[in-house]
Every structure is written in structure tokens, then in C-alpha cells.
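Peer 1: One line per chain: the protein sequences are L and P, in this order. Residue 222 in this note's numbering is what sits at position 235 of the first sequence, and the numbering runs on without skipping anything. Residue 174 in this note's numbering is what sits at position 105 of the second sequence, and the numbering runs on without skipping anything. Ideal Cβ positions, reconstructed from N, Cα and C, are used throughout, including at glycine. Only a predicted model underlies this, so the values are computations on that prediction, with no experimental measurement involved.
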Amino acid sequence: MSFAEGDDARKTADAVARRSYGKLVAFLAARTRDVAAAEDALAEAFASALVDWPTNGCPKNPEGWLLTVARRKLIDSVRRRQTGEAASTQLQILAEGLEDAAAQAEKDMQIPDQRLALLFACAHPAIEAGIRAPLMLQVVLGLDGETIASAFLVSPAAMRKRLSRAKEKIQQAGIPFSIPEREELPHRLDTVLDAIYAAFAEGWTDASGTDTIRRNLTSEALFLARLVVELLPQEAEALGLLALMLHAEARRPARRNAADEYVPFAEQDPALWNAQMIDEAESVLYRASALGTIGRFQLEAALQSAHVHRRRTGHDNWAEVVQFYDALVALTDSPVVAINRALAIAELHGPQAAADALNEIAADDRLTEYQPYWAARAELLSKTGAHDEARQAYEMAIGLEREPTVRAFLQKRLATLESSTRG
Amino acid sequence: MQYLLVLHVNESGWGQMSPEQQQQGVAAYMAYGEALRKANAFLGSNRLKPSANSTTVRVANGKTQVLDGPYADTKEQVGGYYLIDVPDLDSAITWASRCPAASHGVVEVRPVWQMA
Chain L
-12 MSFAEGDDAR
-2 KTADAVARRS
8 YGKLVAFLAA
18 RTRDVAAAED
28 ALAEAFASAL
38 VDWPTNGCPK
48 NPEGWLLTVA
58 RRKLIDSVRR
68 RQTGEAASTQ
78 LQILAEGLED
88 AAAQAEKDMQ
98 IPDQRLALLF
108 ACAHPAIEAG
118 IRAPLMLQVV
128 LGLDGETIAS
138 AFLVSPAAMR
148 KRLSRAKEKI
158 QQAGIPFSIP
168 EREELPHRLD
178 TVLDAIYAAF
188 AEGWTDASGT
198 DTIRRNLTSE
208 ALFLARLVVE
218 LLPQEAEALG
228 LLALMLHAEA
238 RRPARRNAAD
248 EYVPFAEQDP
258 ALWNAQMIDE
268 AESVLYRASA
278 LGTIGRFQLE
288 AALQSAHVHR
298 RRTGHDNWAE
308 VVQFYDALVA
318 LTDSPVVAIN
328 RALAIAELHG
338 PQAAADALNE
348 IAADDRLTEY
358 QPYWAARAEL
368 LSKTGAHDEA
378 RQAYEMAIGL
388 EREPTVRAFL
398 QKRLATLESS
408 TRG
Chain P
70 MQYLLVLHVN
80 ESGWGQMSPE
90 QQQQGVAAYM
100 AYGEALRKAN
110 AFLGSNRLKP
120 SANSTTVRVA
130 NGKTQVLDGP
140 YADTKEQVGG
150 YYLIDVPDLD
160 SAITWASRCP
170 AASHGVVEVR
180 PVWQMA
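Encoded structure:
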């Protein structure tokens, strides 16, 4: 094999992995519900491809090639694990099912897309909420356990254990690989969207975008959101989530200045935003609004849209923004939303009204370790003149921050506060 | 559960910082300690003097060997520690990620062997 051919084979394998990994896992696991076995078989098929393709050339239908090899490996592994009458019957059914489906797929030159069913299985209510996003990233996109563990701040050993426990649950509990019925769909879709958003949020915490694991996570989450929108084009909340994530992602280039310092939203240069992504976000949101069902993600996307509009035109729209937040608080009862609402109230009615609004949620235990709460509190109190409290809040915000640039930014704010109280 | 967060840092970094940067660095650690205390996770912490001040002692075959310098001569040295009490490893990892040392060195999360 020449070096170039090996390189080509790897590139093709990488491209197929990115495009088809979830499709192949879904196809292989749909009958057995054994996600782990499907993944193992597929991993072996990819390994074979890297040996075979450089010598024999890349196949015309690489997906089909991988499916054929993976199917054989899957049947082999079942055969190795089980013996006896019952096993051979089960094996026959499995083999025939896979065989028929694969033959059909080969004839059509395309594998039926069951990724949506796989997403619904990963985000099933019977699966522990915290593991749904990691599970999707692994099963549908093929991310390895170590990458996922780093992104979610969990030890790799623990992440591997939780992932395999979740896969076992899918099989043992008989979690279906299917798209829920009409009446059940909105609720079940919520859990899928929540998990995608959780993956995006983990990727988003890196302000600098230098951490490739995290940055990739936002693009993987966008990929999943696009997938859901493509497969369920009439679901307004899926569109809302996509619009929300596009708005956030569009601002990435403006979150750092030339000196590599953190730049808060209010001080970002709108010219640095990705205009194409914002346009796409707006048109996606418009499609959502035409469907006539409002929801959390659409409201959040509408808020982003309002913020972008204000910064671009200079036209004050804080009253509208606060109304959106009121609606969101009513819908979600989330302390995180309440914090952002307070910051918007500061712009509309001044810092004291905002600090009062923030005090209403101060008793919530979940906020003790929630960095944005302390950062918001510090900002507001430094404007109301409660400087001692503001200083303490800044300290908490700095102590809880894990991004060095954001930490430096907050330290600068604190220094400004201290010099103003001294002078 | 108790965990020892062991801070491994490049010691030459400190000397290369301006006084303002040093002050900012110390303030970040102070804020971190405060946050740990407010969250009721703080048990103890110390900053260590540079490893050049270390002496290592070993008794083998009845002979005591005393050496100047740290145990392992590596670029990164133990620079300090936090002893924390948190519900589980996930929480300990979260606190480790907030430690300023995690962005200029490495923070090792080590569970403490609890004596009965």
C-alpha cells in the first residue's frame, strides 16, 4: 500500500464515520436492541476497512461495504456468546432479518435512516437524564468515551461505566427503537431536544474556542439538531432549538478580542458575528413561528433574535425582551432564566429593581455553586452602591469560574469597583 | 467523601509574572478558597514553598539517605493542595476544574482513604 492510498482510505473511512455512523448503528441495533454489540461490530468493520481499502481501493458504496462486514461480525459475536437450541433459533431470526434488510439496502444503494428512532431510544425517560446527551453523542455520532468524559467533567472510567449501563438498560428493559405516537411525541421530543441542548451547552462554556473537544461538541450538537429538523420538519420546538443554537454559535468569533480577553455580549462588535448563521437562525425561527405552537426553545431563540436586533440597530427593545423573559419564567420556572430576566430588568427599570428581582430567587439552594448567579449579582450590586456585597459576589463568581479569561475579566471588574470606592 | 486536590504546577511560571499578575493570581486562589468555604466543601489548604526547599529522606537496608531537592525532578512540581469534602467524584472534578491551577498546571483529584 502506498502512503497516499492509505491516507485516502482513512479519509473515506472518516467521512463515512461522520455521515453514517449513527445510521449504521441504528440499523444494526434496531433488531437486537443491543447497542454495544452493534458498536463493537461496526468498530471491527471500520478496522477491516482500513486494512482492505488501501489495498483493494475504496468501495463504490462504502456504507454498504461496512454494513456487510459489520453484519457478519455481529452474527459471529452472537454465535460465540450463545449456544443451544434457543440461541440458534434466535440467531437465525436475527440473521435473516439483517440479511433481508441489508439486501434491500444494497439494492437501493442506501441504508434506511433509523437514527431518529435511535435518538428517541437514547433519550427515553427510562434512561437517567444526565446520561442521555453523552449516550447520543456516542451512539449516534461515534464520539469516544474519553472525549465525552472531558466535555462533561466526569472521569473517563465513570463515563464508560455509565454509558455501558445505559446501553444495557436499553436492551434489558426493552426500550423501543421507534418514533413515538403522535400524542406522545411532543413530550418525548422534549427529552431529545433537552439532551441535544445539554451537549451544546457543555461545548459552549469554552469562551475561547481553543479547547477543541468543547468546540467540536457545539458542532456535533448542531449536527444532531439539524438531523431532528430534517426528519421531523413540522416540529416547532426542534426548529426553535436549532435557531437558538445558531444564534449562540454565530457570536463565537466576537467572544474574544485581539488580546485574547473575554468580551461580554454588550461589548461585542456585531460586525464580528457570523451574519450567515444569524440569517439562517432567523429563517429557521420564522419557519417555527408559522407552525403556531410556542415553547421554551422558540422563546429563547426569539430572545437571542431581539438581542441581536438591538445591538445591530441600536434600537432599544428592553421592554420586549423583559416580556419574553416573563413568558419564559412562567413556562420553565428555571432560576437560570430568572437571572437573565433580572439583568434585562436592570436595563429597563434600573439596577435596584433588578437586584430586588434577583433577591426573590436568592434562597434557591441550587444557586450557591452557580457561577452566573454570582456574576449577575455582582454586576447589579456594584451599580446599586452595595459595594461590600458586590465585592463578595465577585469573589464567589471568580472562585467558581473555570475559564481563565472569564476569571481575568471578572477580576478586572472587581478591581474597577474597588478603585471607584476608594477614590 | 474527602478528596485531596494536588496542584502540580510549573514553578518557573511564578517568577516570570509581573507583580500585578502575581497579585491577580493570588486573588484568584483566595476567591477559589472562599467559594469552597461558602459551599461547605473546604477542609484545608496550603501553598508550598518551591521544591528547591525540599529534602527527601529514605531509609533502606538500615541506612538513612538524605537528599536535597524534590523526590521527582520533573518540570511540574507539587505546589499546594486543597482538602475538600464533597458528595462524589463528579463534584470533586468540578471543583478541580475551577481551581486556578487547572489552567496553568494540572490538578490531581485523589480520594482520601477514610479511617474507620
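Does the count of Cβ pairs from the stretch 387 to 400 of chain L and the stretch 358 to 366 of chain L closer than 8 Å reach three?
Peer 2: With the cut-off at 8 Å, the stretch 387 to 400 of chain L and the stretch 358 to 366 of chain L touch.
Peer 1: Beta-carbon of R394 (chain L) versus every beta-carbon of chain P: anything under 8 Å?
Peer 2: On the first sequence, position 407 is the one that residue 394 (chain L) refers to. Taking Cβ atoms only, chain P reaches closer than 8 Å to R394 (chain L), which makes this a yes.
Peer 1: Identify the continuous beta strand (DSSP E) that holds I153 (chain P) and give its terminal residues.
Peer 2: Stepping through the second sequence from its first residue, residue 153 (chain P) is reached at position 84. From DSSP, the beta strand (DSSP E) with I153 (chain P) extends over E145 to D154.
Peer 1: Counting pairs of Cβ atoms below 8 Å between the stretch 154 to 166 of chain P and the stretch 107 to 114 of chain P, do you hit three or more?
Peer 2: A contact exists between the stretch 154 to 166 of chain P and the stretch 107 to 114 of chain P.
Peer 1: For the structure I just gave you, are there three or more beta carbon pairs, one from the stretch -7 to 7 of chain L and one from the stretch 38 to 56 of chain L, closer than 8 Å?
Peer 2: These segments touch.
Peer 1: Identify whether Q183 (chain P) lies in helix, strand or coil by the three-state DSSP scheme.
Peer 2: Numbered from 1 along the second sequence, position 114 holds the residue referred to as residue 183 (chain P). Coil.
Peer 1: Which chain P residues sit within Cβ distance under 9 Å of Q398 (chain L)?
Peer 2: As a first step, residue 398 (chain L) must be located in the first sequence, where it is residue number 411. Neighbours of Q398 (chain L) on chain P, chain order: Q93, A96, A97 and A100.
Peer 1: Is there at least one Cβ from chain P nearer than 8 Å to V141 (chain L)'s Cβ?
Peer 2: By 1-based counting over the first sequence, the position of residue 141 (chain L) is 154. Interface residue, yes.
Peer 1: The alpha helix (DSSP H) that contains G279 (chain L), what's its start and end?
Peer 2: Position 292 of the first sequence, counted from the first residue, corresponds to residue 279 (chain L). Run containing G279 (chain L): none; DSSP gives neither H nor E here.
Peer 1: Using the beta-carbon of each residue, which ones in chain P are nearer than 7 Å to T19 (chain L)?
Peer 2: Locating residue 19 (chain L) in the first sequence gives position 32, where the first residue counts as 1. In chain order: nothing, as chain P lies at least about 32 Å away.
Peer 1: If you measure beta-carbon to beta-carbon, which residues of the stretch 133 to 157 of chain P are closer than 7 Å to chain L?
Peer 2: So nothing in the stretch comes that close.
Peer 1: Rank L:E334, L:R353, L:H336 and L:I326 by C-alpha distance to the C-alpha of L345 (chain L) and give the top, closest one.
Peer 2: Residue mapping note: residue 345 (chain L) aligns to position 358 of the first sequence, counting from 1. Here the closest residue by C-alpha is L:I326.
Peer 1: Identify which residue in L:A110, L:F139 and L:V141 has its Cα closest to the Cα of T178 (chain L).
Peer 2: Counting from 1 along the first sequence, the entry for residue 178 (chain L) is found at position 191. Minimum Cα distance to T178 (chain L) is reached at L:A110.
Peer 1: With a Cβ-Cβ cutoff of 8 Å, do V413 (chain L) and L105 (chain L) count as a contact?
Peer 2: With chain L running from -12 to 410 in the structure shown, residue 413 (chain L) is simply not present.
Peer 1: Should Y273 (chain L) be listed as close to the ligand FAD, given that the test is whether its C-beta is under 7 Å from any heavy atom?
Peer 2: The ligand FAD is not among the ligands present in this structure, which contains no ligands whatsoever.
Peer 1: For a quick check, are the C-beta atoms of A341 (chain L) and I332 (chain L) less than 8 Å apart?
Peer 2: In the first sequence, the residue the question calls residue 341 (chain L) occupies position 354. In the first sequence, the residue the question calls residue 332 (chain L) occupies position 345. Yes, the Cβ-Cβ distance between A341 (chain L) and I332 (chain L) is below 8 Å.
Peer 1: In the DSSP output, which residue or residues are listed as bridge partners for T125 (chain P)?
Peer 2: Along the second sequence, read from residue 1 onward, the residue named residue 125 (chain P) stands at position 56. DSSP lists P:L136 as partners of T125 (chain P).
Peer 1: Would you call the stretch 310 to 320 of chain L and the stretch 279 to 289 of chain L in contact, with 3 or more CB pairs under 8 Å?
Peer 2: With the cut-off at 8 Å, the stretch 310 to 320 of chain L and the stretch 279 to 289 of chain L touch.
Peer 1: Can you pull the chain L neighbours of K118 (chain P), defined as C-beta to C-beta under 7 Å?
Peer 2: In the second sequence, counting from the first residue as 1, residue 118 (chain P) sits at position 49. Going along chain L, no residue has its Cβ under 7 Å from K118 (chain P), so there is no contact; the nearest lies around 24 Å.
Peer 1: Can you tell me where the beta strand (DSSP E) with Y72 (chain P) in it begins and where it stops?
Peer 2: The count along the second sequence starts at 1 and reaches residue 72 (chain P) at position 3. Residues Q71 to N79.
Peer 1: Can you tell me where the alpha helix (DSSP H) with R415 (chain L) in it begins and where it stops?
Peer 2: This structure gives no information on residue 415 (chain L), because the portion of chain L shown stretches from -12 to 410.
Peer 1: Where E83 (chain L) and E177 (chain P) are concerned, what is the direct C-alpha to C-alpha distance, given to the nearest angstrom?
Peer 2: Within the first sequence, the letter at position 96 stands for residue 83 (chain L). Within the second sequence, the letter at position 108 stands for residue 177 (chain P). In a straight line, the C-alpha of E83 (chain L) is about 51 Å away from that of E177 (chain P).
Peer 1: Within the continuous beta strand (DSSP E) that includes N115 (chain P), where are the two ends?
Peer 2: Against the second sequence, residue 115 (chain P) aligns to sequence position 46. Run containing N115 (chain P): F111 to R116, per the beta strand (DSSP E) assignment.
Peer 1: Given a cut-off of 8 Å on the beta-carbon distance, is the pair A258 (chain L) and M232 (chain L) in contact?
Peer 2: Here residue 258 (chain L) corresponds to residue number 271 of the first sequence, with the count starting at 1. Here residue 232 (chain L) corresponds to residue number 245 of the first sequence, with the count starting at 1. It is not a contact, given that the beta carbons lie outside the stated cut-off.
Peer 1: Judging by CA-CA distance, which residue of L:T55, L:D21 and L:V141 is the nearest neighbour of I33 (chain L)?
Peer 2: Locating residue 33 (chain L) in the first sequence gives position 46, counting from the first residue. The question names Ile, but residue 33 (chain L) is Phe in the sequence shown. Comparing Cα-Cα distances from F33 (chain L) to each of L:T55, L:D21 and L:V141, the minimum goes to L:T55.
Peer 1: Mind checking if A145 (chain L) is an interface residue toward chain P, Cβ cutoff 8 Å exclusive?
Peer 2: For the purposes of this step, residue 145 (chain L) is taken as residue 158 along the first sequence, with counting starting at 1. Yes, because at least one Cβ of chain P sits closer than 8 Å to the Cβ of A145 (chain L).
Peer 1: Entirely within the stretch 93 to 125 of chain L and at least 4 residues each: give me those alpha helix (DSSP H) ranges in chain order.
Peer 2: The qualifying runs are 102 to 109.
Peer 1: Which one of L:H234, L:A185 and L:Q221 has the shortest CA to CA distance from L211 (chain L)?
Peer 2: Position 224 of the first sequence, counting from 1, holds the residue named residue 211 (chain L). Here the closest residue by C-alpha is L:A185.
Peer 1: Per DSSP, G174 (chain P) forms a beta bridge with which residues?
Peer 2: Numbered from its first residue, the second sequence carries residue 174 (chain P) at position 105. DSSP lists P:V78 as partners of G174 (chain P).
Peer 1: Against chain P, with Cβ distances strictly below 8 Å, would I326 (chain L) count as a contact?
Peer 2: Locating residue 326 (chain L) in the first sequence gives position 339, counting from the first residue. It does not; no Cβ of chain P falls within 8 Å.
Peer 1: Count the other CB atoms within 10 Å of the CB of I98 (chain L); is the residue buried (16 or more) or exposed (fewer)?
Peer 2: Taking the first sequence and counting its residues from 1, one reaches residue 98 (chain L) at position 111. Its Cβ being crowded by 16 or more others within 10 Å, I98 (chain L) is buried.
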